[in-house]
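So the sequence shown is numbered by numbering that gives the first Met the number 0: it starts at 0 and just counts up by one.
Beta carbons: idealized from backbone N, C-alpha and C, even for Gly.
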Amino acid sequence: MASAQIRLFALTIAINDYQHINKLNGAVVDADEFENYLRSYLGVPPERIISIRDSSATRDAILGAIKNLAHNSSIQKDDPILIFFAGHGGRALKPLGLDWDHWMPLESKIELICPVDMGDPGVGGQCGIPDRSVAALLDRISDEKGNNITLIFDCCHSGGINRSFSLHESDAQPRICDFTPAIEPACDMAIWGPRLSSARISSAFAGFENRGRSSHVLLAACRRDELAWEKEGRGLFTRRLISLLREVDIARTDYASLIYKMGDISRGVIQGQTQTPICDGLHINRRLFSSEVVPGHRSLISGHIDNGNFILRAGAAHGVAIGDSVDIYAENHALRDKIATLVVSEITASFSMLTLCGEIDGSCIIPEHFYGKALARPDRDVLSVYCSEEATLKVLVMPLFPNYKISSFETAGIYLTHEIDSADLIVAMTSSGIIYNMQLKAACIGDLRPQVAPRTIPVKSAQLLDVLLSALEFKRHLNREGEVGSKDEEALLDLHFHRLKPIGNGRFKDSLIPSGPNLLNNKVTTLELPNTGTETCKDGPFGITVFNKTRVPLYPYLFAFEGSDLSITPWYLPPFGQGGANVGAPLAPSSQMHFGFGESGCPPWGFRLDPTTQSDVTIFKLFVTSAPSDFSSVAQESPLSPRNGTSRKAQAYVTDVFPDVWGSVTAMIVQERAVREA
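Pasting the structure below:
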């Protein structure tokens, strides 16, 4: 589907004719075809596309071209930037030395992309380009040009060339090199080492997955433990990616749904092999090549048809229950009419099986990959609202019901109460606007009742019903408890909250470590933010460590709940593969995982109080499941102050030796303005 011209800048790199390692056949054609798509479908002019091919794609040239994107005066802030690489990938042992001690790769191996001159230094070869170097350059681009960056890799980093596989197709080969030279400890220190600018402090971890998850979105050809294949002169991943990009409407398609629709690209093509394209990054629910979120997709969950069964990638962990109704859509937004309404008939922690509710119009066809919106259950999902001017509230809100297909407050799960002490949300009418104050009774611990900063919007604002519905979702997700996180079993999942500091007095800007003990006491901590008078108070950076004390590998989903603006911000969502395929559980049994530093790729967290606010509350909630699931629907932008680009919105039931479980754990961070000394 052709699209109007967009202001995109692209760097495409492809190598077939390697100087010192095994050659490829289809990488250059892949890059050329991708450029053709950019020009013919997106209207990108040739002067905005930089092409590097074969002999020109040396190590220095690739690093220089990526580095120059940060300094290109033609690229304006938040212009979409795309980096495409087709060629060999590989892995190498992590270099020894203090400068690499904090870099934490899987199996002590770093991931690489292979330039044309990579090879044995004894015969003039260069080393590969490590993930750490690429990560540092992407951070610089993001600092200068914004985080509207798409990284596409058609290569593999599994190191699996030594595993046993046999091929009957002579023209099929994996895109992984047969020799990887060692990486010297000082390699690219000028890139990732000391920096003169006051650049962000990002977390230190290894691998292209998870790396700098806030700086870019990654589309990769395969998982770490798979190979990226080419056959008949083309890469399987790029061929399918371009075909799909030509089919979709990029104004209505986000990265997550694009990868989800790719299907099994290796089925029937490479015998005995699987290749699972993956998508990773904090902004995977932005529309393609844009910093904007696909409109209207909040609360929509991906699903698919498997052997005639309708499978929704949400289960008990998401608050779904047997008997719930689910509206079905063909795309991940609610701008078009629904196809049908299905009912949950079977459920696990991470998935639901849906059945038909009545007859479907013969002209309506549910696609293989669909999206569902679980409808609220007024008997279970309830928000109690107190407003002293109840009649005025009704006059303002009820005319909005038809736009939301709501017949009454009660059918939406909203109940107006005359008892202020029992209310979940307190609404006050004033001459300057409507003041909202979210109560966190269920989340409070003991006698602690921290003050959530109230928010005000204009009296005639169309946001009124949005605020009420967002508060309902906020309460529903915050109060939900799981099996592992229940009081009897909460010791199996623990969460620590740390203040962070740079390693080596800030010498290496990609490195943070905990400073001091766990700040949580009975899951709560209070921070006194420095008070300098009327200025905004700030404190940070902070990070979280999660301890998995079970014998089950877990998928973690970490969110920040802000009671003052009703936003639910995803801090970490695991990478996922095409069709929702399993990409490996990040939180191994009897292990720990770090957020804000270390291997997750999450940026550190910070807090601020504006000049008019004395205190506020942030609650971190971690969901975990034993099977991959879709938690993007939990996220929501603030209905009071929407923040562009922050909203985020599997195969059939996973049969495994591990139990089907889910759980949750929370931590409350109270922020208070310190008393200013006279």
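{"Query": "Rounded C-alpha distance that separates N146 from S213", "Result": "7 Å"}
{"Query": "Reduced DSSP secondary structure (H/G/I, E/B, other) of M667", "Result": "strand"}
{"Query": "Start and end residues, alpha helix (DSSP H) containing M428", "Result": "Run containing M428: none in the alpha helix (DSSP H); it sits in the beta strand (DSSP E), L424 to T429."}
{"Query": "Local conformation of E636 per DSSP, three classes", "Result": "coil"}
{"Query": "Residue span of the alpha helix (DSSP H) that contains E561, given as start and end", "Result": "Premise fails: E561 lies in the beta strand (DSSP E), Y554 to E561, not in any alpha helix (DSSP H)."}
{"Query": "Neighbourhood of L62 by C-beta, 8 Å cutoff - its chain only, sequence neighbours within 5 removed", "Result": "I128, S132, L136, D187 and I190"}
{"Query": "Reduced DSSP secondary structure (H/G/I, E/B, other) of A626", "Result": "coil"}
{"Query": "Between the CA atoms of H495 and D420 - distance to the nearest angstrom", "Result": "32 Å"}
{"Query": "Beta bridge counterpart(s) of L547 as assigned by DSSP", "Result": "Note that residue 547 corresponds to Asn in the displayed sequence, not to Leu. Per DSSP, L492 and S590."}
{"Query": "Contacts around L95, its chain only, beta-carbon distance under 8 Å, and the 5 residues preceding and following it disregarded", "Result": "P184"}
{"Query": "G515 burial status per 10 Å Cβ neighbour count (16 or more: buried)", "Result": "exposed"}
{"Query": "Through-space distance from I5 to W661, alpha-carbon basis", "Result": "42 Å"}
{"Query": "C-beta contact flag for R233 and D29 at 8 Å", "Result": "yes"}
{"Query": "Nearest to I327 (by Cα), restricted to the options K108, L415, I364 and D305", "Result": "I364"}
{"Query": "Identified DSSP bridge partners for C278", "Result": "L218 and F575"}
{"Query": "Range of the contiguous beta strand (DSSP E) that encloses L511", "Result": "L511 to S514"}
{"Query": "S54 to T149 span [Cα, whole Å]", "Result": "25 Å"}
{"Query": "Beta-carbon contacts of P702 that lie in its chain and below 6 Å, excluding the five residues immediately before and after", "Result": "Past the edges of the chain, shown from 0 to 677, lies residue 702, and the structure says nothing about it."}
{"Query": "Host alpha helix (DSSP H) of A134 (start-end)", "Result": "D130 to K144"}
{"Query": "Residue interval of the alpha helix (DSSP H) (run including D465)", "Result": "L463 to N478"}
{"Query": "Nearest to D77 (by Cα), restricted to the options S289, W570 and L608", "Result": "S289"}
{"Query": "Minimum length 3: unbroken beta strand (DSSP E) runs contained in the region 368 to 411", "Result": "368 to 373 and 382 to 386"}
{"Query": "Touch test, the region 516 to 525 against the region 582 to 594, Cβ-Cβ under 8 Å, three pairs minimum", "Result": "no"}
{"Query": "Selection from M428, A13 and N24 that minimises the alpha carbon distance to D31", "Result": "A13"}
{"Query": "Spatially closest choice to T682 from R672, D279 and L621, by CA coordinates", "Result": "Absent from the model: residue 682. The displayed extent of the chain is 0 to 677, so no value can be given."}
{"Query": "For E345: DSSP bridge partner residues", "Result": "M352"}
{"Query": "Cβ-based neighbour list, Y254, same chain, cut-off 6 Å, excluding 5 preceding and 5 following", "Result": "V216, C278 and I283"}
{"Query": "Check whether T544 and P588 have beta carbons under 8 Å apart", "Result": "no"}
{"Query": "Inter-residue spacing [alpha-carbon to alpha-carbon] between V122 and P180", "Result": "12 Å"}
{"Query": "In DSSP terms, what W661 is bridged to", "Result": "T624"}
{"Query": "Cβ neighbour criterion (16 or more within 10 Å) applied to Q270", "Result": "exposed"}
{"Query": "Nearest residue (CA-CA) to A320, options N306, N308, K522 and A348", "Result": "A348"}
{"Query": "Integer Cβ distance of K144 from I49, believed to fall under 8 Å", "Result": "Their Cβ separation, rounded to whole angstroms, is 15 Å, which puts K144 and I49 out of contact at 8 Å."}
{"Query": "Cβ-based burial, G644 [other Cβ within 10 Å; buried from 16]", "Result": "Its pLDDT being 36, under 50, G644 is placed unreliably in this model, and the coordinates cannot settle the point."}
{"Query": "Short Cβ contact (8 Å threshold) for L621 with L526", "Result": "no"}
{"Query": "Which of helix, strand or coil DSSP assigns to P120", "Result": "helix"}
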